[in-house]
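Those letters in the sequence shown? Residues -25 to -1, 1 to 320, by mature numbering (1 follows the signal peptide of the UniProt record, and there is no 0).
Idealized CB from N, CA, C, for every residue including glycine.
Treat the numbers as computed from the prediction; the structure is a model and nothing was measured.
I have placed the structure first, in the form of structure tokens, so that the comments after it can refer back to it.
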Amino acid sequence: MIRLLLTLILSANILQSWIFVESSGDECSINTECKLLRQCPEIIKKFRQLRNVPYCKVGEGSVYVCCPVPPRPYVPKKDDDQRIVRECKSYQNSRKTCDKSLIVGGKNADPKEFPFMALLMYVNGAQRTILCGGSLISNRYVLTAAHCFYVPNEPNIVRLGELDYNTSEDDASPVDFSLDSYHIHEEYDDDTRFHDIAVVKLNATVQYNDYILPACLPLVDGRSFPQFLATGFGAVKNFGNSASHLQKVKLDNFSDELCQSKIDKAVVSINTTIQMCAGSFYYERDTCTGDSGGPLFVDHPDYNCLFLVLGVTSYGEGGCANKGLPAFYTRIQVYVKWIEKIVWP
């Protein structure tokens, strides 16, 4: 039966009447990958019921579809009394509508898609320098990277609710805040980028709306997720200009062992207890210059319409978007107690 069904699917008439191009090239949404149709039993089983087959490409007489990636088991620590869990639940009440993220390689984010995204800048009169990204984690605090403050002109403005900073005609509601203070992790090492994490206190309380809402902090280390999302206003290619429109990208989780095998140990030292690795196994996707401090995250497994931030963008080895090579992120779960003492003392 399956052999007969595949024969029908691969005929030209069936392709024309059934297959809907959801994406071009090899791009698929989060937690799916482009595979031969015959290697994707999930799509084969549901083929007759699908109105829009998640086609990704056709090549050499073969049909490829966006096939679901089997999820690794997510086992949250049940600690409803912990402050970050209570705060996360409260954020859910402020999110009225949402769509599941459709993340592909280096594409523009949609309006209101990532309301926790922060932009750290140095502003002096008419001069504006985009320095880093960040994640809103409460009504007064933004999480970012420590190395963002190891620059001659450190950030003095945090912008929330932005989509494209070069236009006022986008569907956005940006609000600028000055910095009240910032806390760099006391063990941060600018040479190794170990403990590359910082918390910024804003000068005023944030009012939540459809454009501005915090992300949740994790009780898990992130190893159980096969793929992540990342966002930023950084360069869209090596040595290129920053993107004025917020970018989004889907990244693969490089296991600790795989990450260690990919790096040049003479140049880079990785501590997988406090750092994590992500990139693309097959495509040129990555975070890049200007994305530092921004989030590595997933759709929250427990709370609809919210995001779980697992990593802080730290650095990459040998440029950006090198296929098969990871970039490095600070593992947030290790620092939750440190964050809680600052944000919710």
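query: Tell me, please, whether the stretch 279 to 287 touches the stretch 188 to 201 by the rule of three or more beta-carbon pairs shorter than 8 Å.; result: yes
query: Applying the 10 Å Cβ sphere with the 16-neighbour rule, what's the burial state of N279?; result: exposed
query: Near residue 409, what residues of its chain come up, given a Cβ to Cβ distance below 6 Å and the 5 sequence neighbours on each side ignored?; result: Coverage of the chain is limited to positions -25 through 320, which leaves residue 409 absent and any answer about it impossible.
query: Would you tell me roughly how many angstroms separate the C-alpha atoms of L138 and D266, rounded to the nearest one?; result: 14 Å
query: State the Cα-Cα distance for the pair N141 and C15, rounded to the nearest angstrom.; result: 42 Å
query: Out of L154, P90, I172, point me to the one whose CA is closest to L135's CA.; result: P90
query: Have a look at I132 and V181 and give me their C-alpha separation to the nearest angstrom.; result: 14 Å
query: Between which residues of its own chain and T7 is the CB-CB distance below 8 Å, once the five residues before and five after are set aside?; result: P29, C41, C42, P43, V44
query: Which full runs of the beta strand (DSSP E) of 3+ residues lie inside the stretch 90 to 144, going along the chain?; result: 92 to 99, 102 to 111, 116 to 119, 132 to 135
query: Under 8 Å Cβ to Cβ from K64, same chain only, skipping five residues before and after it: list those, please.; result: Y278
query: Using DSSP's beta-bridge definition, name the partner residues of I159.; result: A173
query: Measure the alpha-carbon distance for A93 versus E17 and round it to whole angstroms.; result: 37 Å
query: Short of 8 Å in beta carbon distance, which residues of its chain neighbour A253, apart from the five on each side in sequence? Order them along the chain.; result: F203, A205, L226, D227, N228, F229, L271, G286, P301, A302, Y304
query: Which residues in the same chain have their Cβ closer than 7 Å to the Cβ of K87, if we skip the five residues on either side of it in sequence?; result: D185, Y186
query: Please tell me whether H160 and A121 are closer than 7 Å, where the distance is taken between their beta carbons.; result: yes
query: Return helix, strand or coil for residue 321, following the three-state DSSP convention.; result: Outside the shown range of the chain, which is -25 to 320, sits residue 321, and nothing can be said about it.
query: Compare the beta carbon distance of residue 321 and L188 with 7 Å and say whether it is the shorter of the two.; result: The structure shown does not extend to residue 321, since the chain spans only -25 to 320, so no value can be given for it.
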